[in-house]
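**Student:**
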Amino acid sequence: MADDDVAEGPRRRRVIEWDDPVETSRPAAGLAGIDYLRGLIDGTFPPPPMGRLMGMDLVEAEVGRAVFSCLPDESHYNTIGIVHGGLVCTLLDSAAGCAVQSTLPAGVGYTSIDLNVSYLRPLRQSTGRITVEGRVVKPGRRVAFTEGRVTDAAGNLIATATSSLLVFPLDPPAPS
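When you line the sequence shown up against my numbering, it's residues 871 to 1046, in that order.
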């Protein structure tokens, strides 16, 4: 195919809408992490923009555990025609972070220090819905440690991860 050739076929389009992330994250600072996560699940709070962009949904949260669901589609594909590892990595990072968030009191936040992902099998649109679970292995006042798993609907393991996350006090929200 020459540089100026374009593959034939219908173009695809995906439109993403989201709520103002600064405004929608304000309640998080005043709530225990588990309460905010449960509010995301029950629709009290809208999902963050990244969740809408990637097509991922927080579906379960309990203290020390968070579960996301995602239905990969061709918009997640990379140059070799499989789901980009970045989707899996993002899901694992989110599950790990939310698992830690579920253990935190009001006014305390977190951010990833590191994330080590092992990809065990390719992921395609035909794989169907995947589940991503993050669990806290060791909570901490400054650093927390987690592990994560990605499985398909048949229970096949797609990827695993370990992560450490920095725990820190949040700045008070700016007045509206």
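Where is the CB? At the ideal position from N, CA and C, for every residue including glycine.
Keep in mind that this is a model prediction, so the values were computed, not measured.
Roughly how many angstroms lie between the CA atoms of Gly934 and Gly909, to the nearest whole one?
**Tutor:** In the sequence shown, residue 934 corresponds to position 64, counting from 1. In the sequence shown, residue 909 corresponds to position 39, counting from 1. So the two alpha carbons sit approximately 16 angstroms from each other.
**Student:** With a threshold of 8 angstroms between beta carbons, is Pro918 in contact with chain D?
**Tutor:** Annotation note: the requested chain D is absent from the structure, which comprises a single protein chain.
**Student:** Let me confirm a value: Phe1038 is counted as buried when at least 16 other C-beta atoms fall within 10 Å, else exposed. Which label applies?
**Tutor:** As a first step, residue 1038 is located in the sequence shown; it is residue number 168 there, counting from the start. With fewer than 16 other Cβ atoms within 10 Å, it is exposed.
**Student:** Quick one: what does DSSP say Val933 is sitting in, helix, strand or coil?
**Tutor:** As a first step, residue 933 is located in the sequence shown; it is residue number 63 there, counting from the start. Looking at Val933 - three-state DSSP - the assignment turns out to be coil, as it is neither helix nor strand.
**Student:** Once you ignore the five residues that flank Arg1005 on each side, which residues in its own chain have a CB closer than 7 angstroms to its CB?
**Tutor:** By one-based count along the sequence shown, residue 1005 stands at place 135. Excluding positions up to five away in sequence, the list reads Gly934, Arg935, Ala969, Thr1016 and Glu1017.
**Student:** In angstroms, rounded to a whole number, what distance separates the CA positions of Ile886 and Pro942?
**Tutor:** By 1-based counting over the sequence shown, the position of residue 886 is 16. By 1-based counting over the sequence shown, the position of residue 942 is 72. Distance between the alpha carbons of Ile886 and Pro942: 15 angstroms.
**Student:** Since Arg1005 is in the beta strand (DSSP E), which residue starts that stretch and which ends it?
**Tutor:** Taking the sequence shown and counting its residues from 1, one reaches residue 1005 at position 135. Per DSSP, Arg1005 belongs to the beta strand (DSSP E) from Ile1000 to Lys1008.
**Student:** For the beta strand (DSSP E) containing Ala1029, list its first residue and its last residue.
**Tutor:** Within the sequence shown, residue 1029 is the residue found at index 159, counting from 1. Taken as a continuous stretch (DSSP letters only), the beta strand (DSSP E) holding Ala1029 covers Leu1027 to Pro1039.
**Student:** If you scan the region 946-1018 from start to end, which runs of the beta strand (DSSP E) of 3 or more residues do you find wholly inside it?
**Tutor:** Qualifying beta strand (DSSP E) stretches, in chain order: 978-989 and 1000-1008.
**Student:** Could you give the C-beta distance for Ile983 and Leu1040, rounded to a whole number, given that I count them as a contact under 8 angstroms?
**Tutor:** For the purposes of this step, residue 983 is taken as residue 113 along the sequence shown, with counting starting at 1. For the purposes of this step, residue 1040 is taken as residue 170 along the sequence shown, with counting starting at 1. At roughly 17 angstroms, the Cβ-Cβ gap does not stay under 8 angstroms, so Ile983 and Leu1040 are not in contact.
**Student:** When we look at the beta-carbon of Leu990 and count the other beta-carbons within 10 Å, is it buried (16 or more) or exposed?
**Tutor:** As a position in the sequence shown, residue 990 is number 120, starting the count at 1. With fewer than 16 Cβ atoms within 10 Å of its Cβ, Leu990 is classed as exposed.
**Student:** Measure how close the beta-carbons of Asp963 and Leu985 come, nearest whole angstrom, since I'm counting them as under 8 angstroms.
**Tutor:** In the sequence shown, the residue the question calls residue 963 occupies position 93. In the sequence shown, the residue the question calls residue 985 occupies position 115. Yes, Asp963 and Leu985 are in contact; Cβ-Cβ is about 5 angstroms, under 8 angstroms.
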